[in-house]
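Input: a single structure, listed below in structure tokens.
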DNA sequence: CTTCTAAAAAATGAATGCAAAATAGCCGGC
DNA sequence: GCCGGCTATTTTGCATTCATTTTTTAGAAG
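Chains as they are written, first to last, in our numbering: chain A, 10 to 243; chain B, 10 to 243.
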């Protein structure tokens with residue numbers, strides 16, 4: 010009898026810095042593991058979520074698993090059909106549009122708040138990654154570019170100093186993660202340059218602590234991202 | 010053996026129009042009932058959530074109740090202490106500040122989106138309620154004023170035509186519902202007049218479909234609401 | 001061979017049972 | 001009289017079990 014799924018939650022390592030979170034409770038750990046399991050695409054879009062198989066996979070009984078499923082359903086990641094179990098929610102183009110807009114609104118808010126409180130150190134870090142991203146851009150290193158892009162947006166949200174916002178943002182970001190991947194990777198050359206210029210404007214507004222302006226830029230930046238995603242994936 | 014809790018969910022009637030939602034599933038119904046039960050203040054701030062008592066109250070066993078508790082914990086309404094059950098989450102002043110700002114960001118987004126797609130009919134309805142609110146303002150009818158105020162903000166969110174945004178907004182609004190009540194009812198005369206002027210500006214920007222401008226106004230409007238709340242309740 | 005029917009199998013939703021942890025109650029010591 | 005430790009009760013977390021419902025499968029009729 011191996012440790013329940015604890016060997017699996019380390020397999021995804023986008024958060025190496027916060028290893029000091031050893032799953033406060035069993036339920037919490039399972040929730041994180043199951044969410045990642047689904048977000049990372051281990052289940053097909055629209056596929057039913059196999060309770061029995063997942064119980065074996067995570068070495069737990071159905072009760073905690075079902076609790077986690079209810080939470081994921083509330084988050085919008087899956088949907089619960091009465092007497093017919095859970096299904097991975099497939100995102101219609103309307104859903105994707107909505108999620109991008111909400112994400113844009115949250116980033117706009119993050120930018121506005123960041124302008125109120127960001128420290129010079131925090132700004133310098135964002136600027137540093139921005140320059141790094143520019144180098145990836147010149148080299149057409151999509152993977153590196155994408156990684157920096159993510160980091161910048163994440164740092165702006167962090168600089169807002171609002172845990173509620175960060176949690177909401179994380180939830181929305183998780184729901185469109187797959188779509189965003191394809192959107193960024195499939196991004197054509199023109200959009201890449203355009204995005205780079207938009208990021209210049211973001212940095213400029215943040216440097217001047219121009220909250221309202223940054224808010225607009227960030228929202229429109231996400232709008233353009235959405236259009237690129239819909240053009241490539243739709 | 011009476012019907013499980015179905016007799017209780019009708020006791021709170023702020024939604025008389027949407028009676029056509031007969032609890033799609035049992036779990037869903039319990040979730041709504043329990044959320045309202047807590048939001049309406051039947052449990053003290055910081056009090057532990059009594060599983061056994063609630064099971065009797067809603068005529069269900071612990072399993073579905075605990076599922077609902079996990080969801081409410083994920084929403085931030087309660088918190089789960091390992092091996093020590095659920096507690097009604099009490100909001101620190103920092104929490105309230107965060108929630109108001111997120112709410113402001115979501116309303117700013119709603120305003121921006123509403124400008125893109127609101128119909129003349131929808132706008133006319135908002136304008137009508139605005140005038141109604143003005144009459145309540147002149148009469149110093151706080152209850153009527155507050156009701157109209159809520160309705161206007163709700164209609165702007167609805168006019169945004171984004172179900173994801175509406176759901177997120179509802180969640181945040183639910184969490185600060187008690188605080189908002191006190192904030193609005195305790196509002197002093199100066200703030201009342203100020204809020205009225207802000208609402209004039211909101212309507213004006215919406216009429217001109219000035220999304221970016223409306224976005225700023227709405228965010229600042231919520232900021233001022235927050236300040237009034239903190240001044241009266243803090 | 002297809003299709004309808006019905007029984008078997010599996011899955012779902014919820015209740016109950018059980019071990020571990022926490023809380024309350026009680027007693028003795030200081 | 002107050003504090004600290006020990007036991008009894010309650011509570012929590014999870015596994016298991018049970019009743020329904022759904023899905024699959026087997027078979028018979030056309």
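Note that beta-carbon positions come from the ideal geometry of N, C-alpha and C, so glycine has one too.
- Against chain B, a Cβ distance below 8 Å from residue 166 of chain A picks out nothing, because the smallest value is about 11 Å.
- Listed in chain order, the positions of the stretch 34-50 of chain A with a beta carbon within less than 9 Å of a beta carbon of chain B are 34, 35, 36, 37, 40.
- If the five residues before and after residue 98 of chain A are omitted, its C-beta is found closer than 6 Å to the C-beta atoms of 87, 88, all from its own chain and listed in chain order.
- Nearest to residue 77 of chain A by alpha-carbon distance, out of A:38, A:61, A:49, is A:38.
- Checking the DSSP bridge columns, you'll see residue 69 of chain A has no partner listed.
- Neighbours of residue 225 of chain A in chain B, taken as residues at a C-beta separation under 7 Å, are given in chain order as 221.
- Exposure of residue 50 of chain B is indicated by the presence of fewer than 16 other C-beta atoms within 10 angstroms of its C-beta.
- The criterion of a C-beta distance shorter than 7 Å is satisfied by residue 231 of chain A and residue 109 of chain A.
- Annotation for residue 228 of chain A: 113, 114, 116, 117 place their beta carbon closer than 8 Å to its own, counting only its chain and skipping 5 residues before and after.
- For residue 234 of chain A, no CB of chain B lies under 7 Å from its own CB, so it is not counted at the interface with that chain.
- Short of 8 Å from the beta carbon of residue 225 of chain B, and not among the five residues preceding or following it, lie these beta carbons of its own chain, in chain order: 117.
- For residue 145 of chain A, there are no neighbours in chain B by C-beta distance under 9 Å, as the nearest C-beta there is about 30 Å away.
- Rounded to whole angstroms, the separation of the alpha carbons of residue 102 of chain B and residue 167 of chain B is 29 Å.
- The Cβ of residue 83 of chain A sits closer than 7 Å to at least one Cβ of chain B.
- Legend: CB atoms of the stretch 104-116 of chain B lying less than 7 Å from CB atoms of chain A belong to residues 107, 108, 110, 111, 114, 115.
- Counting the other Cβ atoms within 10 Å of the Cβ of residue 162 of chain A gives 16 or more, which makes it buried.
- Sequence-distant Cβ neighbours of residue 75 of chain A in its own chain, meaning closer than 8 Å and more than five residues away, are 60.
- The beta carbon of residue 70 of chain B sits closer than 7 Å to those of 64, all from its chain and outside the five residues before and after it, given in chain order.
- The DSSP-derived three-state label of residue 87 of chain B is strand.
- Here residue 40 of chain B is buried, its C-beta having at least 16 other C-beta atoms within 10 Å.
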